[in-house]
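Peer 1: Which chain is which? The protein sequence lines are A and B, in order.
Here the first sequence stands for residues 0 to 368, numbered as in numbering that gives the first Met the number 0.
Here the second sequence stands for residues 0 to 368, numbered as in numbering that gives the first Met the number 0.
Number of protein chains: 2
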Amino acid sequence: MTTSSGETSSGLGQGASTGASKRATILDVAAAAGVSRQTVTRAMNAMPGIRPETRARVQEAARQLGYTPSRFAKGLVQGARTSVGLAIPDLTNPYYPAFASSVVELATQRGWHVVMDDYGHGGATGVESVQHLAPQVDAVIGYLGGAADEAQAILGRRPLVVLDQPAGSASGGITFDYDHAAQTALEHLQARGCRQLAYIDRAWAGADLGAPGSVRAGGPTPGTDPVRGVMTVRGQAFARSAAASGMALTVVVSPESAAAARQVTRRLLEDRPGTDGIVVFNDVMAAGALKALADSGRAVPADCAVIGMDGIPLGELLTPELTTLALDLREVGRAAVELLDGLLTGSLDPGGPGTELLLRHHLVLRQSA
Amino acid sequence: MTTSSGETSSGLGQGASTGASKRATILDVAAAAGVSRQTVTRAMNAMPGIRPETRARVQEAARQLGYTPSRFAKGLVQGARTSVGLAIPDLTNPYYPAFASSVVELATQRGWHVVMDDYGHGGATGVESVQHLAPQVDAVIGYLGGAADEAQAILGRRPLVVLDQPAGSASGGITFDYDHAAQTALEHLQARGCRQLAYIDRAWAGADLGAPGSVRAGGPTPGTDPVRGVMTVRGQAFARSAAASGMALTVVVSPESAAAARQVTRRLLEDRPGTDGIVVFNDVMAAGALKALADSGRAVPADCAVIGMDGIPLGELLTPELTTLALDLREVGRAAVELLDGLLTGSLDPGGPGTELLLRHHLVLRQSA
DNA sequence: GACACATTCGTGAACGTTCACGGGAATCAC
DNA sequence: GTGATTCCCGTGAACGTTCACGAATGTGTC
Chain A
0 MTTSSGETSS
10 GLGQGASTGA
20 SKRATILDVA
30 AAAGVSRQTV
40 TRAMNAMPGI
50 RPETRARVQE
60 AARQLGYTPS
70 RFAKGLVQGA
80 RTSVGLAIPD
90 LTNPYYPAFA
100 SSVVELATQR
110 GWHVVMDDYG
120 HGGATGVESV
130 QHLAPQVDAV
140 IGYLGGAADE
150 AQAILGRRPL
160 VVLDQPAGSA
170 SGGITFDYDH
180 AAQTALEHLQ
190 ARGCRQLAYI
200 DRAWAGADLG
210 APGSVRAGGP
220 TPGTDPVRGV
230 MTVRGQAFAR
240 SAAASGMALT
250 VVVSPESAAA
260 ARQVTRRLLE
270 DRPGTDGIVV
280 FNDVMAAGAL
290 KALADSGRAV
300 PADCAVIGMD
310 GIPLGELLTP
320 ELTTLALDLR
330 EVGRAAVELL
340 DGLLTGSLDP
350 GGPGTELLLR
360 HHLVLRQSA
Chain B
0 MTTSSGETSS
10 GLGQGASTGA
20 SKRATILDVA
30 AAAGVSRQTV
40 TRAMNAMPGI
50 RPETRARVQE
60 AARQLGYTPS
70 RFAKGLVQGA
80 RTSVGLAIPD
90 LTNPYYPAFA
100 SSVVELATQR
110 GWHVVMDDYG
120 HGGATGVESV
130 QHLAPQVDAV
140 IGYLGGAADE
150 AQAILGRRPL
160 VVLDQPAGSA
170 SGGITFDYDH
180 AAQTALEHLQ
190 ARGCRQLAYI
200 DRAWAGADLG
210 APGSVRAGGP
220 TPGTDPVRGV
230 MTVRGQAFAR
240 SAAASGMALT
250 VVVSPESAAA
260 ARQVTRRLLE
270 DRPGTDGIVV
280 FNDVMAAGAL
290 KALADSGRAV
300 PADCAVIGMD
310 GIPLGELLTP
320 ELTTLALDLR
330 EVGRAAVELL
340 DGLLTGSLDP
350 GGPGTELLLR
360 HHLVLRQSA
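Given below as structure tokens:
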């Protein structure tokens with residue numbers, strides 16, 4: 000029997016009952032079990048080269064002391080388990096959880112951990128989210144809504160994959176082919192016989208240009224400079240697409256909520272009663288539009304067709320069921336994770352070829368159009 | 000000018016262009032900037048006692064080398080920033096994101112980080128989720144769906160707050176007063192004049208007892224032993240409540256999805272065409288029930304009233320708008336975080352008084368009932 | 001009984017950072 | 001011009017764990 004040769008454990012023999020004094024370290028466990036550090040390590044990590052009874056004794060001592068290995072010490076010596084930050088503007092919008100779910104699943108498969116930040120309640124920006132995440136993660140995936148360069152600067156060499164915005168100096172980016180989406184939707188509505196089309200865009204978060212619901216652009220000359228900076232990228236694509244095919248498209252803006260969209264749509268229908276086809280920025284807002292159409296006594300799609308955007312599960316549950324430009328959100332998550340994987344393993348170079356993906360919406364025909 | 004006195008930096012003068020060789024450490028930056036470790040620390044952490052030009056020089060060197068301080072080394076010496084794990088069975092169900100959003104917000108306010116795990120896609124259990132989270136977090140909040148004791152054992156002394164399940168040996172727990180909810184709903188339906196009531200329960204994940212939709216308990220004798228273990232806690236509360244007030248309640252079970260609930264409801268309406276009031280396990284499934292009622296040509300609530308459960312935003316968007324037993328999910332998140340806060344700061348003792356909260360649903364009257 | 005070998009366990013070193021302290025140079029006061 | 005004060009900056013120590021190696025003990029073989 001070896002007498003404990005020192006190794007500077009905490010002097011006090013802390014009984015299991017005394018409150019949270021310090022924090023039990025591996026040396027405390029070693030002392031309590033009458034073994035050395037290394038043996039404790041072997042016992043806790045299911046390593047070979049230890050007698051079963053010793054292992055049991057150590058584990059019991061660890062349990063009694065409430066010992067939990069320090070993830071910091073462990074990480075320091077073993078080299079990081081990678082943990083990725085996930086910056087999301089609003090978990091309340093069903094679009095994001097569907098995406099996040101996919102990211103978490105695939106990240107977990109790779110043994111990564113996901114640190115989630117739902118910025119936006121407090122009016123924080125994507126960059127602030129990255130700033131908050133930065134000290135804790137090895138990479139970030141996020142819908143930042145702009146300022147990719149600044150975010151990448153904060154992260155330094157660590158990979159950043161941004162979604163739905165120009166990649167800029169970010170390591171990678173995933174964007175969506177809104178021109179294709181817009182063309183698909185408008186063509187479909189036209190083929191259905193719709194003649195007076197409208198697009199409901201999301202109002203810029205910061206901007207407060209005119210009352211919500213005010214008509215932004217009518218007639219065949221959208222896409223001109225004054226419009227830029229007011230419309231979202233999606234809105235610009237719709238304006239371009241309408242102009243290209245010579246259709247008239249009324250563009251209105253609405254805050255990003257079903258209730259707001261309902262109100263805006265109601266006003267739109269008063270201003271332009273002949274509207275017979277509406278495309279909406281996202282499915283949640285489209286649900287509001289459907290409500291407004293019902294309010295006004297119109298039948299959908301007979302009197303007015305509606306197309307949403309995103310393809311969240313909610314759409315199927317609405318009445319009428321929502322036709323939508325769907326994005327396969329699990330696929331988007333997969334693209335983001337695989338892109339990040341490539342960047343982390345080095346098989347992809349930041350900003351290099353293959354780091355900017357363009358994904359397409361596809362039209363899911365249901366009842367509303 | 001001090002000549003670099005050694006301090007064992009990496010021997011190679013790694014140019015900024017060479018690939019990811021090792022990882023730049025604080026010593027590399029110090030050497031590159033011609034200063035010491037401590038000065039680098041001061042520069043990176045905005046500490047006083049450093050000349051502005053020196054700070055700039057160090058920061059430039061850090062930038063060029065792509066230096067990122069090791070969170071492990073930092074955490075090791077500074078004592079942990081707390082990071083909490085959030086175990087969630089299914090982010091796809093709108094119930095959970097609403098809750099998670101609240102948790103993330105309040106945790107962020109406290110300077111915590113949230114490591115999210117959406118277990119359940121791969122058929123994992125809550126305990127496995129905790130096992131995955133454990134090495135990375137200082138505490139866990141989660142909907143584990145059982146096995147709280149086992150989960151607490153994995154975490155040792157670290158706090159565990161479980162929701163919607165008996166706390167067992169967990170540090171804290173938040174449960175819901177389903178008896179009150181059931182009574183509220185059933186009384187409301189009865190007052191409305193409903194006489195043939197049904198409750199659609201969620202089928203147990205693992206169990207496959209009988210075809211989905213089979214009638215489990217009819218008549219006035221539910222709550223007996225054979226039923227236990229088949230019905231959820233919510234189901235049992237409804238059975239109890241119905242029995243207590245002498246109402247007849249048909250209980251059927253359905254997998255947890257709108258589509259499944261739709262099918263189950265359809266079958267229920269064939270079996271018991273006189274059903275004129277239905278309560279459903281959650282809002283998503285209630286949406287399916289509404290669809291089934293529409294399919295069968297019934298008017299809601301005239302022919303049959305429907306009450307959902309949870310109070311997710313989706314309910315407002317359905318047609319008819321869903322009456323529901325709502326839970327204020329932000330409040331639930333707040334309760335969980337505050338409980339955890341108390342446990343972490345020591346103002347609350349694990350399992351002690353004030354660690355088991357009972358929250359109540361309130362009936363939100365909309366159109367469906 | 002001597003040797004090789006397997007099994008079990010312990011000790012120095014290292015991971016990268018911050019804290020506590022101390023030293024040197026410049027500035028100020030008189 | 002001496003001492004006190006301030007401003008910068010550097011060095012030992014420590015955080016808690018694992019890795020690499022070596023020591024001690026037991027087990028088998030001839």
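We put the CB at the ideal spot given by N, CA and C, even for glycine.
1) Starting from Asp294 of chain A, find everything on chain B with Cβ-Cβ shorter than 8 Å and list it in chain order.
2) Fully enclosed by the segment 227 to 298 of chain A, which alpha helix (DSSP H) runs are 4 residues long or longer?
3) So, using beta-carbon positions, are Ser170 of chain A and Thr344 of chain A closer together than 8 Å?
4) Determine the DSSP secondary structure at Asp27 of chain B, reduced to helix, strand or coil.
5) Could you give the residue range of the alpha helix (DSSP H) that holds Ile153 of chain B?
6) Is there a Cβ from chain B that is less than 8 Å from the Cβ of Phe280 of chain A?
7) Determine whether the beta carbon atoms of Gln182 of chain B and Ser240 of chain B lie at a separation below 8 Å.
8) Kindly list, in the order they appear in chain A, the residues whose Cβ is closer than 9 Å to that of Ser168 of chain B.
9) Just to confirm, are Asp116 of chain B and Leu132 of chain B a CB contact at a threshold of 8 Å?
10) Determine the extent of the beta strand (DSSP E) in which Asp348 of chain B is found, giving its start and end residues.
11) Enumerated in chain order, which unbroken segments of the beta strand (DSSP E) with a length of 3 residues or greater are wholly contained in the segment 41 to 120 of chain A?
12) For Asp117 of chain B, return the contacting residues in chain A, with the cut-off set at a CB-CB distance below 7 Å.
13) Check whether the segment 74 to 93 of chain B touches the segment 44 to 56 of chain B, counting contact only when three or more Cβ pairs, one atom from each stretch, lie closer than 8 Å.
14) Thinking C-alpha only, which one of A:Val331, A:Leu248 and A:Arg157 is nearest Pro349 of chain A?
15) Identify which residue in A:Gln135, A:Ala243, A:Ala138 and A:Val160 has its Cα closest to the Cα of Gly145 of chain A.
16) In its own chain, which residues sit with a C-beta less than 7 Å from the C-beta of Arg41 of chain B, not counting the 5 before and 5 after it?
17) Who are the Cβ neighbours of Ala106 of chain A in its own chain at under 7 Å, not counting the five residues just before and after it?
18) At which residues does the alpha helix (DSSP H) containing Tyr177 of chain B begin and terminate?
19) When the Cα of Arg201 of chain A is compared with those of A:Pro352, A:Ala285 and A:Ala61, which residue comes out closest?
20) CA-CA distance, Phe150 of chain B and Arg365 of chain B?
21) If you compare alpha carbons, which of A:Thr264, A:Glu255, A:Gln235 and A:Cys303 is closest to Asn92 of chain A?
22) Per DSSP, which residues does Gly307 of chain B bridge with? Please list them.
23) Taking Tyr177 of chain A and Val263 of chain A to be in contact with their CB atoms under 8 Å, please state how far apart those CB atoms are, rounded to whole angstroms.
24) I'd like to know if the segment 263 to 272 of chain B and the segment 295 to 307 of chain A are in contact, where contact means that at least 3 CB-CB pairs between them fall below 8 Å.
25) Within this structure, are the beta carbons of Gly141 of chain A and Ala197 of chain A separated by less than 8 Å?
26) Which residue's Cα is closest to the Cα of Glu320 of chain B: B:Val283, B:Leu339 and B:Val76?
27) Can you tell me whether DSSP reads Asp340 of chain A as helix, strand or coil?
28) Let me know the secondary structure DSSP gives Ala123 of chain B once reduced to three states.
29) The beta strand (DSSP E) spanning Gly33 of chain B covers which residue range?
30) Going by DSSP, name the residue or residues bridged to Val161 of chain B.
31) List, in order along the chain, the chain B residues whose C-beta lies closer than 7 Å to that of Pro134 of chain A?
32) According to the Cβ coordinates, are Ala236 of chain B and Gln195 of chain B closer than 8 Å?
33) With DSSP as the reference, please indicate the residues paired to Asp200 of chain B in a beta bridge.
34) Comparing the C-beta of Leu326 of chain B with each C-beta of chain A, is any distance below 8 Å?
35) How about Ala441 of chain A and Ile173 of chain A: do their beta carbons lie closer than 8 Å?
36) Less than 6 Å between C-beta atoms, sequence neighbours within five positions excluded: which residues of the same chain meet that for Leu370 of chain B?
Peer 2: So, from the data block:
1) The premise fails here: Asp294 of chain A is roughly 11 Å from chain B at the closest Cβ pair, so nothing lies under 8 Å.
2) Listed in chain order, the complete alpha helix (DSSP H) runs (minimum 4 residues) inside the segment 227 to 298 of chain A are 232 to 243, 257 to 270 and 282 to 294.
3) no
4) In this structure, DSSP gives Asp27 of chain B a helical state, which the three-state scheme calls helix.
5) Ala147 to Leu154
6) no
7) yes
8) By Cβ distance, chain A contributes nothing, its closest Cβ being about 13 Å from Ser168 of chain B, past 9 Å.
9) yes
10) Neither: Asp348 of chain B is in no beta strand (DSSP E) and is coded neither H nor E.
11) 82 to 87 and 112 to 117
12) Residues of chain A with a Cβ closer than 7 Å to the Cβ of Asp117 of chain B are, in chain order, Ser100, Val103 and Glu104.
13) no
14) A:Arg157
15) A:Val160
16) Gly48 and Ile49
17) Val83, Val113 and Val336
18) Tyr177 to Arg191
19) A:Ala285
20) Per the sequence shown, the amino acid found at residue 150 of chain B is Ala instead of Phe. Those two C-alpha atoms are separated by around 39 Å.
21) Of the candidates A:Thr264, A:Glu255, A:Gln235 and A:Cys303, the residue whose Cα lies closest to the Cα of Asn92 of chain A is A:Glu255.
22) B:Thr323
23) Not really, about 20 Å apart at Cβ, beyond 8 Å.
24) no
25) no
26) B:Val283
27) helix
28) coil
29) Gly33 of chain B -> no beta strand (DSSP E), and no H or E assigned at all.
30) Per DSSP, the beta-bridge partners of Val161 of chain B are B:Gly141 and B:Gly172.
31) Taking a Cβ-Cβ threshold of 7 Å, the residues of chain B close to Pro134 of chain A are Arg70, in chain order.
32) Their beta carbons are not under 8 Å apart, which means Ala236 of chain B does not touch Gln195 of chain B by this criterion.
33) Its beta-bridge partners are B:Val252.
34) no
35) The question about residue 441 of chain A has no answer, for chain A in this structure spans 0 to 368.
36) No information on residue 370 of chain B is available, as it lies outside the stretch 0 to 368 that chain B covers here.
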